[in-house]
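Asker:
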Amino acid sequence: MDYQFKDIEKKWQRFWADHQTFKAADKTTKPKYYVLDMFPYPSGAGLHVGHPLGYIASDIFSRYKRLKGFNVLHPMGYDSFGLPAEQYAIQTGQHPAITTEANIATYRRQLDQIGFSFDWSREVRTSSPDYYKWTQWIFMQLFNSWYNKDADKAEPISQLVAHFEKNGSAGINAVCDEEILSFTADEWKAKSTNEQLAELLKYRLTYLRESTVNWCPALGTVLANDEVKDGFSERGGFPVEQKKMMQWSMRITAYADRLLKGLDTIDWPEPLKEMQRNWIGKSVGALVKFKVSPLENGIGQDEVIEVFTTRADTIFGTTFLVIAPEHELVSTLTTAEQKAAIEAYIAQAKKKSELERMADAKTVSGAFTGSYAINPVNGEKVQVWIADYVLAGYGTGAVMAVPSGDQRDYLFAKQFNLPIIPIIDIQKIDNEADPTKEGHYINSGFINGLTYKEATAAVIAKLEELGAGKAKVNFRMRDAIFGRQRYWGEPVPVYFKDGLPHLIKESELPLLLPEVDKYLPTESGEPPLARAEGWKYEGARNNSIGNKSAKHAGEEASNEAHLTGAYRETADPRYYELLKKFSLENRKNPTEAENILWQLLRKDQTGFKIRRQHAIGLYIADFVCLQKGLVIELDGNHHKLNKEADDERTEALNYFGFDVIRITNEEVLSNANDVFEKIKEKLAILEDRELSPTQPSPVGRALKKVSPTGGDLEGAIYDYELSTMPGWAGSSWYWYRYMDAQNQNEFASKEAIEYWKDVDLYIGGSEHATGHLLYSRFWNKFLKDLGLVVEEEPFKKLINQGMIQGVSQKIHISTAGKSNMNLIDGLPVHTQNTETFLMSSDRRAEMDSNESNATKILYNTTEHNVDIRFVDSKTNELNIREYIKWRPEYENSIFWCSGGYWHKNEFHEFENSNGEKRFFTKPEVEKMSKSKFNVVNPDDLIERYGADTLRMYEMFLGPLEQSKPWNTNGIEGVFKFLRKFWRLFHDDAWNFNVSTAEPTKAELKSLHKIIRKVEEDIERFSFNTSVSSFMIAINELTDLKCNKKSILQDLVIILSPYAPHICEELWVMLGNDAGTLSYAPYPKFNPQYLIEDEYAYPISINGKTKMNLNISLSLEPKEIEAAVMANADVNKYLDGKTPKKVIVVKGRIVNIVA
RNA sequence: GCCCAGAUGGCGGAAUCGGUAGACGCGUUGGUCUCAAACACCAAUAACUUCACGGUUGUGCCGGUUCGACCCCGGCUCUGGGUACCA
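Residue numbers (our numbering): 106 to 1259.
1) Following the continuous beta strand (DSSP E) through methionine 143, name the residue where it begins and the one where it ends.
2) State the Cα-Cα distance for the pair threonine 1130 and glutamate 896, rounded to the nearest angstrom.
3) Quick check: leucine 1218 and glutamate 1197, are their CB atoms within less than 9 Å of each other?
4) According to DSSP, what are the bridge partners of cysteine 730?
5) Could you have a look at leucine 231 and say whether DSSP puts it in helix, strand or coil?
6) Would serine 476 and valine 564 qualify as a contact pair, given that the criterion is a beta-carbon distance under 9 Å?
7) Looking at C-beta atoms only, is the number of pairs between the segment 178-196 and the segment 575-588 that lie closer than 8 Å three or more?
8) Ignoring anything shorter than 4 residues or poking outside the segment 767-794, list the alpha helix (DSSP H) runs there in chain order.
9) Kindly indicate which three-state DSSP category threonine 311 falls into: helix, strand or coil?
10) If we ignore side chains and look at the alpha-carbon of each, how far apart do alanine 194 and histidine 124 end up?
11) Let me make sure I understand the geometry here. Which of Lys1037, Glu1011, Ile999, Arg213 has the alpha-carbon closest to that of valine 971?
12) Using three-state DSSP, classify leucine 1182 as helix, strand or coil.
13) With a floor of 3 residues, list each beta strand (DSSP E) that falls wholly inside the segment 1209-1235, ordered by position along the chain.
14) Can you tell me where the beta strand (DSSP E) holding glycine 1005 begins and where it ends?
15) Compare the C-alpha of arginine 1088 against each of Leu1142, Thr1101, Phe1126 and name the closest.
16) On the DSSP letters alone, give me the boundaries of the alpha helix (DSSP H) that glutamine 704 sits inside.
17) Between valine 1099 and the rest of its own chain, which residues show a CB-CB distance below 7 Å, the 5 nearest in sequence each way excluded?
18) What is the DSSP secondary structure of threonine 1143, reduced to helix, strand or coil?
19) Just verifying my parser: in three-state terms, what is the DSSP assignment at leucine 625?
20) Excluding sequence positions up to five away, which residues of its chain have a Cβ less than 8 Å from the Cβ of serine 1003?
21) Under the three-state reduction of DSSP, which class applies to isoleucine 721: helix, strand or coil?
22) Can you check which of these residues, Ala1052, Trp1071, Leu568, is closest to valine 1030 by C-alpha distance?
23) May I ask you to report which of helix, strand or coil DSSP gives proline 440?
24) What number of angstroms, rounded off, separates the C-alpha of tyrosine 988 from the C-alpha of phenylalanine 975?
25) Going by the beta-carbon positions, is the gap between phenylalanine 413 and alanine 503 smaller than 9 Å?
26) By DSSP, does proline 508 sit in helix, in strand, or in coil?
27) Give the secondary structure of threonine 1130 by DSSP, where H, G and I count as helix, E and B as strand, and everything else as coil.
28) For isoleucine 918 versus leucine 943, is the C-beta spacing smaller than 9 Å?
29) Nearest by alpha-carbon distance to proline 374: which of Ile721, Gly870, Tyr843 is it?
30) From phenylalanine 343 to asparagine 319, what distance separates their C-alpha atoms?
31) How long is the line joining the alpha carbons of tryptophan 242 and tyrosine 839, rounded to whole angstroms?
32) Whole angstroms is fine: what's the gap from histidine 667's alpha carbon to phenylalanine 223's?
33) Output the distance between the C-alpha atoms of serine 812 and alanine 637, rounded to the nearest integer angstrom.
34) In whole angstroms, what separates the C-alpha of leucine 158 from that of glutamine 906?
35) Report the option in Tyr592, Thr1026, Ala359 whose CA atom is closest to the CA atom of alanine 979.
36) Measure the C-alpha to C-alpha separation of phenylalanine 248 and valine 280 and round it to an integer number of angstroms.
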């Protein structure tokens, strides 16, 4: 039978699934090999041909390693939390879990039909509670750890507490916040629990702090630095602004040095390592303190400006200081005369958006504060300026400006006429700064005459002696923000009590993601999780609730409230005592109006319970009916509030779900009964308020329940953290889960981790360079510090597969729509109000190069993408009929070619034209994407050629690591190759026909050439060249008419990683057991078969090859030279000249210098 | 601006250690088969030149090292990626 790829592929895919052929063993004597693909996000768009590229490479490698006798772990799963599903949920109301599920199904179907050898029994999904339980668990370990710089590793926070109890804060060398307290052991013990917790938060590896974040209003979330491009969100391209928010952060900076050093130990592409190095941004320099020269009024006394510099050696060239506009000393240092200028500058700098600042990078701006600082090494007074080229977030937010050595300082000095002092003898500073480190110092006090190295050491020593500075290493990398104001992510296993974060119990994991009515922030800007009803942590009840999920605890609480009818309201606990005091005082001293109204409202006279002076959030309502959610406010002399404040109260109360009616004191005093009736009416029409006493406060999340008149409800319910973890949380440890995916007790067992250790080969895109790949290394190092994993680096060898771009087809369409064209005397002519025209690319090019600008303007067109289905990829000819079906608005349009035009399916030829009748589009390489209509779907190709052809063709395209445009044109060549391979096993009538005869020398040579070649190629990940070699081998064997079983069987094994389906089929036809091919031993290369007696030496004269000469390989160079010189043809080329020299490289070449 | 990677026929690419540049595939051209088309098969295919044998040029550009350079060195140009007032 001919090669029936469809049946074969289906059959074997089912066989592999049914027999779990690729299940990795847990206990084995085989050496392990772990091949991993970067975690895919299952997007709704499905796969295009670019996606499987890396998977095919890793699959070939995995299959190859199995043949080589390794126990291979090659898993696949889904990074299934993330923005696209959530965006879709917002638009459609569809739960992201459902969308995700559907996307995964599509993804899986597409993966399966390519024939990957994944061990699906280990599949993981980050959005599954079984999985994110452990993401939350790792978060808890981070929370419970601090970084001990002396030990250079993370340690349990309990060790830190033990130290505090014994020695106080002395002797601790930690990576922590800047504002830590100093205390003795006794002082520590005297602190309240909350004070202690607040202090410990400054040390924890995951901690809360107010950070300036990239806030994207359109997405309603905070973005990581690498998710922001040029002031816009990478996803969606929405504007991003800076905003201060309380955020969870990860103290990745603790690991900065180890992350940097580790790069030298791993086999990754150099550009990728370089990106990480830049991102970490280590700079070695010094911290220098400049004392502020006090003003006449004494202001600035004792103030010090700290600067960071990498060129301490240039300190004598400092002619002014520049501090960031946001620097904390700006207001202190600004003199009265300069105040206006400084304020104006700050206002202007604030207004500038990120984008404008970037566009503006060349213009120099700044303002003088009026103050001076003193250079510690020479006592000179220098001016202190502010300028936005100094960034508040880097170093100390202040620089010592050395205009002779730093270009930005130089431009600044020129702009504002500040002095420029040369400090190195060979410095050339006439036109620009010269940052040289060569030469000897001048104008530099005690370092005059020294060289760079000597000077740097001398300056730092001097600074230390003066107490004015010290050597310091600075990192560009910032701690990573670890919260997203989003729904579709892991909940943070934290609740708040007294405004402080506490972990839930380990036994309560996973903290399930609650259901919400909408996937949007609340009206007050709280994250979507604030919408979850009854989603609260119930502290005191925990013991009785036991292991039940926290969501259940919340439900129970609200059920109970229903039973008792207890409508209760939340007061802000931070102000609870104060609020209680005020409300009691108010109650004791009511105004006259209040008193009158209270007599009418009390004791259920309205039919409902009314409370007075009751705290809600930060406010004390005059009267409130909690059941109906009605607040009655008395305005007048009592409150002395202006209208604005009243409105604010109303808004806040509305937010809590209350209606507010306002009554003036006069109304009550003049006619109390009318007011009473009005209130009764209002109460009658209002529905009962929903029993969800859980709305968060806009003033703070740390709410707890208090009774209406005060008094803490014991066993209170606490708020959970409402933000969720960022996308990188789940992917920062997933490779460990694959080692032991079903484990219910640990994220992975010790045995599994000790066996699999790390990823031997990791394949994926370089877009993860500063995100996933950095965070993963960070978490891995942390887990290692805790003794949970064994390797310092998780990904030993990494390969970036290149991007596959699409080829778009562009069409030129008249700009102004139906206004530009008419047909006059059979020629398209520009007039008004007629038809659109479309221009063939050759016509457009012709017009652009030959005709006047006026014509070009007249026939102005814009480029539009055409679906590539309507274009012949070889000729770029557009199928106009099909195109019109797709875009019916162009049904009556004119399709203008170089030799005429098409109109309503008729071609009108121009007179005397020899131009084209065909309508061409313009191909252009760009990103493959649905919106560009240039997506090539692997499903279509598999339908036409089969998975084996697709796999081999993707590899054949070119080097794995190189980016390249997809072009389907060559795929037939690969298909032909497979068919030719199939043919080797069959006679002319397609009957299976294999001979058991002994192979010939030539056949063995072909076989062993390919065995060695493929082995070498796979080991260096050069898959494209091995496909070529297969073609050569099959061509050779076809020429030899080889159908020897011993040759073909080995060939089946070595080809099977590339084209597994056809090989499985042939393997069985050759008489082997089904399913044994995947673990067959790789054929052993025998160099004996390649030994030659003769070699066709290329003979070159002066380096130019002229001819080949067969010479025995046993001859030595001298003999070869003699043989060559004796040859008649060689002498013909020499044309009588005597050679000056003859170079002979045995087995390589002969070169005659004439 | 800085850092990194790359540039080879009409196209994708090969040349693994400084040793025959253009393997393999696509496309194109010619041929066989066919009533015809498709498929399949055979042959040619870097450019220039020559009826042909052959000759000349040729791996982005300029120069160097070497018996010999796509490969090593120096200086540029262009393309792609990363990154940015980082002190």
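Here a beta-carbon is modelled for each residue, glycine too, at the ideal position from N, C-alpha and C.
Answerer: So, from the data block:
1) Working through the first sequence from its first residue, we reach residue 143 at position 38. Where methionine 143 is concerned, there is no enclosing beta strand (DSSP E), given that its DSSP letter is neither H nor E.
2) Position 1025 of the first sequence holds residue 1130. Position 791 of the first sequence holds residue 896. The alpha-carbon atoms of threonine 1130 and glutamate 896 are separated by roughly 34 Å.
3) Here residue 1218 refers to the residue found at position 1113 of the first sequence. Here residue 1197 refers to the residue found at position 1092 of the first sequence. Their beta carbons are under 9 Å apart, which means leucine 1218 touches glutamate 1197 by this criterion.
4) The sequence position of residue 730 within the first sequence is 625, counting from 1. Answer is Leu735, bridged to cysteine 730.
5) To locate residue 231, count along the first sequence from 1; it is residue 126. The question names leucine, but residue 231 is threonine in the sequence shown. Here threonine 231 sits in coil by DSSP.
6) The residue given as residue 476 occupies position 371 in the first sequence. The residue given as residue 564 occupies position 459 in the first sequence. Result no, Cβ atoms of serine 476 and valine 564 do not sit closer than 9 Å.
7) no
8) 770-775, 777-790
9) Indexing the first sequence from 1 puts residue 311 at position 206. Three-state DSSP puts threonine 311 in a strand.
10) Locating residue 194 in the first sequence gives position 89, counting from the first residue. Locating residue 124 in the first sequence gives position 19, counting from the first residue. Alanine 194 and histidine 124: Cα-Cα distance of roughly 38 Å.
11) Taking the first residue of the first sequence as 1, we reach residue 971 at position 866. Among Lys1037, Glu1011, Ile999, Arg213, the Cα nearest to that of valine 971 is on Lys1037.
12) Taking the first residue of the first sequence as position 1, residue 1182 is located at position 1077. Three-state result, leucine 1182: helix.
13) 1209-1217
14) Locating residue 1005 in the first sequence gives position 900, counting from the first residue. 1005-1008 is the extent of the beta strand (DSSP E) around glycine 1005.
15) Looking up residue 1088 in the first sequence gives position 983. When each option's Cα is compared against that of arginine 1088, the closest is Leu1142.
16) To locate residue 704, count along the first sequence from 1; it is residue 599. Unbroken alpha helix (DSSP H) run through glutamine 704: 697-706.
17) For the purposes of this step, residue 1099 is identified with residue 994 of the first sequence, where counting begins at 1. Hits under 7 Å: Phe1090, Asn1148, Lys1150, Leu1153, Leu1175.
18) Translated into positions along the first sequence, residue 1143 becomes position 1038. The answer is helix: DSSP assigns threonine 1143 an H, G or I state.
19) Here the question's residue 625 lines up with position 520 in the first sequence. DSSP places leucine 625 in coil when its eight states are reduced to three.
20) Translated into the one-based positions of the first sequence, residue 1003 becomes position 898. Closer than 8 Å at Cβ, skipping near neighbours: Ser945, Asp947, Arg948, Glu951, Ser1018, Gly1020, Glu1021.
21) Here residue 721 refers to the residue found at position 616 when the first sequence is read from its first residue. Three-state result, isoleucine 721: strand.
22) In the first sequence, residue 1030 corresponds to position 925, counting from 1. Residue Trp1071 is the option with its Cα nearest to valine 1030.
23) Taking the first residue of the first sequence as position 1, residue 440 is located at position 335. Residue identity differs from the one stated: residue 440 is threonine in this sequence, not proline. In the structure shown, threonine 440 sits in coil (DSSP, three-state: anything other than H, G, I, E or B).
24) Reading the first sequence from its first residue, position 883 is the one you call residue 988. Reading the first sequence from its first residue, position 870 is the one you call residue 975. The alpha-carbon atoms of tyrosine 988 and phenylalanine 975 are separated by roughly 6 Å.
25) Taking the first sequence and counting its residues from 1, one reaches residue 413 at position 308. Taking the first sequence and counting its residues from 1, one reaches residue 503 at position 398. Result yes, Cβ atoms of phenylalanine 413 and alanine 503 sit closer than 9 Å.
26) For the purposes of this step, residue 508 is identified with residue 403 of the first sequence, where counting begins at 1. Residue state, collapsed to three classes: coil.
27) As a working mapping, residue 1130 is identified with position 1025 in the first sequence. In the structure shown, threonine 1130 sits in a helix (DSSP, three-state: H, G or I).
28) Along the first sequence, read from residue 1 onward, the residue named residue 918 stands at position 813. Along the first sequence, read from residue 1 onward, the residue named residue 943 stands at position 838. It is a contact, given that the beta carbons lie within the stated cut-off.
29) Position 269 of the first sequence, counted from the first residue, corresponds to residue 374. It is Gly870 whose Cα lies nearest to the Cα of proline 374.
30) In the first sequence, residue 343 corresponds to position 238, counting from 1. In the first sequence, residue 319 corresponds to position 214, counting from 1. Each residue's alpha carbon lies about 12 Å from the other.
31) Sequence index remark: in the first sequence, residue 242 carries index 137 (1-based). Sequence index remark: in the first sequence, residue 839 carries index 734 (1-based). Computed Cα separation, rounded: 13 Å.
32) Along the first sequence, one-based indexing puts residue 667 at 562. Along the first sequence, one-based indexing puts residue 223 at 118. Residue confidence for histidine 667 is low, a pLDDT of 31 falling below 50, so the modelled location carries little weight; the figure read from the coordinates is stated next. Using only the alpha carbons, I get a separation of about 52 Å.
33) Taking the first sequence and counting its residues from 1, the one referred to as residue 812 is at position 707. Taking the first sequence and counting its residues from 1, the one referred to as residue 637 is at position 532. Here serine 812 scores only 36 on pLDDT, less than 50, and its place in the model is too uncertain to base an answer on.
34) Here residue 158 refers to the residue found at position 53 when the first sequence is read from its first residue. Here residue 906 refers to the residue found at position 801 when the first sequence is read from its first residue. Their Cα atoms are separated by approximately 7 Å.
35) For the purposes of this step, residue 979 is taken as the residue at position 874 of the first sequence. The question names alanine, yet the displayed sequence has lysine at residue 979. It is Thr1026 whose Cα lies nearest to the Cα of lysine 979.
36) Position 143 of the first sequence, counting from 1, holds the residue named residue 248. Position 175 of the first sequence, counting from 1, holds the residue named residue 280. When rounded, the distance between both Cα atoms is 14 Å.
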